[in-house]
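In this note's numbering, the protein residues as written are 203 to 276.
From the three backbone atoms N, C-alpha and C, an ideal C-beta is built for every residue, glycine too.
Okay, structure first, notes after.
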Amino acid sequence: MSNFNQILIFKTNIQTEQDKQCVQHALNTHDQIQRWTIDLYDVDCVLRVESEAIIPEQIIAVIEHHGFECSELE
Numbered sequence: 203m204s205n206f207n208q209i210l211i212f213k214t215n216i217q218t219e220q221d222k223q224c225v226q227h228a229l230n231t232h233d234q235i236q237r238w239t240i241d242l243y244d245v246d247c248v249l250r251v252e253s254e255a256i257i258p259e260q261i262i263a264v265i266e267h268h269g270f271e272c273s274e275l276e
């Protein structure tokens, strides 16, 4: 297995610290996510996820499961 981590970038509507806390546990405990951040000050509320193996659809499903919008940015 390689140690290469990919960085996936998503546009979300996670806008507040309270919103962030709603998804925090799911992202922190996901076994394929090494690191993640949400830029609450960016117009697109950008979520960055660092992972070796996860695919964008998995992240989108986690975020949408918690009631937020999420789409991959190229």
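Extent of the continuous beta strand (DSSP E) run through residue i
i: residue 209; result: 208-214
i: residue 252; result: 249-253
i: residue 256; result: Segment: none, residue 256 is in no beta strand (DSSP E) and carries neither H nor E.
Residue i, DSSP secondary structure in three states
i: residue 274; result: strand
i: residue 266; result: helix
i: residue 261; result: helix
i: residue 240; result: strand
Extent of the continuous alpha helix (DSSP H) run through residue i
i: residue 229; result: 219-231
Residue i and residue j closer than 8 Å at C-beta
i: residue 210; j: residue 265; result: no
i: residue 212; j: residue 249; result: yes
Inter-residue CB distance, residue i and residue j (contact presumed, cutoff 8 Å)
i: residue 214; j: residue 256; result: About 16 Å; that fails the 8 Å criterion.
Within 8 Å, do at least three Cβ pairs link the segment 231-239 to the segment 211-220?
Segments in contact, no.
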